[in-house]
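A.B. asks: Just so it is clear: in the sequence shown, position 14 is 20 by our numbering, and no numbers are missing. Can you keep this structure in mind? I'll have questions shortly.
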Amino acid sequence: IDVELSRRQGFYFGAKLVRGAYMEQERLRAKTLGYEDPVNPSYQATTEMYERCLDFFMANILESGLKNKRYAIMVASHNEDTVRYTIKKMQELDITPEDRVICFGQLYGMSDQVSFNLGQSGYSVYKYVPYGPIDEVIPYLSRRALENHGVLANSKKERKLLATEVLRRLATGQIFHRPVGTYRPI
């Protein structure tokens with residue numbers, strides 16, 4: 007696998023871990039071309055596999071030494087449970103945001119309440135914006151919306167959380183939050 011190759015050949019390794027994309031298309035392709043369905047059979051199986059991958063990469067990060075930064079990962083997920091799991095494992099393994107070996111990535115406009123809280127807590131968060139010809143971007147965004155229907159269902163929750171936070175900040179006079187520490191995003 008690529009991690010072992012990077013260890014043997016001494017190059018730096020980075021990975022973007024995604025929970026699942028193009029599931030419907032992958033299933034159809036497998037059926038059409040006659041090979042085994044590569045998609046996990048259930049949501050729970052996907053979660054378990056994703057967590058195993060996170061554990062694997064975090065173990066490699068620790069094994070190589072946090073100072074070496076030979077391995078780094080982007081947790082590309084809108085799933086709040088996945089983000090919580092990652093933060094919990096980082097804390098258990100004493101991997102801090104300042105180590106700059108684990109970052110988070112999400113589609114701009116989705117799960118902003120998650121991104122904002124991560125950023126305010128000192129984690130590196132990247133929001134990506136798809137661009138290109140409209141006939142390619144709209145189908146891509148439609149697939150993301152369908153695959154992340156749980157995220158869309160949470161938009162009401164997100165608006166409520168944002169309104170509550172704005173009111174809290176106005177009431178306490180804490181308009182801007184300044185994280186403690188000397189962390190600077192990459």
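Glycine is no exception: its CB is placed at the ideal position from the N, C-alpha and C atoms.
(1) With a CB to CB cut of under 8 Å and the five nearest residues on each side skipped, what residues in its chain are close to residue 59?
(2) Whole angstroms are fine: how far does the CA of residue 52 sit from the CA of residue 88?
(3) By Cβ distance below 6 Å, which residues in the same chain neighbour residue 45 in space, the five residues on each side in sequence not counted?
(4) Applying the 10 Å Cβ sphere with the 16-neighbour rule, what's the burial state of residue 112?
(5) Using the beta-carbon count (16 or more within 10 Å), is residue 3 buried or exposed?
(6) Take every Cβ of the region 71–82, pair it with every Cβ of the region 97–117, and state whether three or more of those distances are shorter than 8 Å.
(7) Does DSSP put residue 56 in a helix, in a strand, or in coil?
(8) Residue 21 and residue 78 - do their beta-carbons sit closer together than 9 Å?
(9) Per DSSP, which residues does residue 113 bridge with? Please list them.
(10) Given a cut-off of 9 Å, decide if residue 110 and residue 91 are closer than it, judged by their beta-carbon atoms.
(11) Alpha carbons only, please: which of 68, 121, 80 is nearest the one belonging to residue 98?
(12) Only counting the same chain, and skipping five residues up and downstream in sequence, which positions put a Cβ closer than 8 Å to that of residue 15?
(13) Which residues bound the beta strand (DSSP E) around residue 23?
C.D. replies: This is what the structure gives:
(1) 23
(2) 11 Å
(3) 29, 32, 33
(4) buried
(5) What is shown of the chain runs 7 to 192, which leaves residue 3 out entirely.
(6) yes
(7) helix
(8) yes
(9) 134
(10) no
(11) 68
(12) none
(13) 19–24
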